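For the sequence shown, numbering that gives the first Met the number 0 gives the first residue as 0, with consecutive numbering after it.
Beta carbons are placed, not taken as given, at the ideal position from N, Cα and C, and that holds for glycine.
Being a predicted model, the structure only gives us computed values, none of them experimental.
Everything on this sheet refers to the single structure shown next.
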Amino acid sequence: MRKREVSTQLATAISQVEKGLAHLNNYNIKIAALTLNQALQTLLQLQNSLINPKNMAKLKVQEKLKQVSMRQRYLATT
Numbered sequence: 000m001r002k003r004e005v006s007t008q009l010a011t012a013i014s015q016v017e018k019g020l021a022h023l024n025n026y027n028i029k030i031a032a033l034t035l036n037q038a039l040q041t042l043l044q045l046q047n048s049l050i051n052p053k054n055m056a057k058l059k060v061q062e063k064l065k066q067v068s069m070r071q072r073y074l075a076t077t
């Protein structure tokens, strides 16, 4: 992903957060929630596009190992 694309998505998310906060200040809770949710979705899309697939696989393996070790600890205590 190019720097310009990242900058654009970050600017979009920041703008959405600012709009959401403005709605909160005006007590438009539902509109604020929708706007802030859009900002969150934008940031999640950006995060997913920036994560290297190799790193993502590594993170999944680490999570599975963590789950296995938690199960082993649980079984050891029962």
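Rounded C-alpha distance that separates residue i from residue j
i: LEU43; j: THR34; result: 14 Å
i: ARG65; j: LEU58; result: Sequence check: residue 65 is Lys here, not Arg. Between LYS65 and LEU58, the C-alpha separation is close to 10 Å.
i: LEU9; j: ILE30; result: 21 Å
i: GLU4; j: LEU45; result: 9 Å
i: ASN24; j: VAL16; result: 12 Å
i: ILE28; j: SER6; result: 28 Å
Bounding residues of the alpha helix (DSSP H) (the contiguous stretch that carries residue i)
i: ASN47; result: 28-49
i: ARG3; result: 2-24
Selection from the options that minimises the alpha carbon distance to residue i
i: ILE13; options: VAL67, LEU45 and ALA38; result: ALA38
Buried versus exposed, by CB contacts within 10 Å (16 or more), residue i
i: THR41; result: buried
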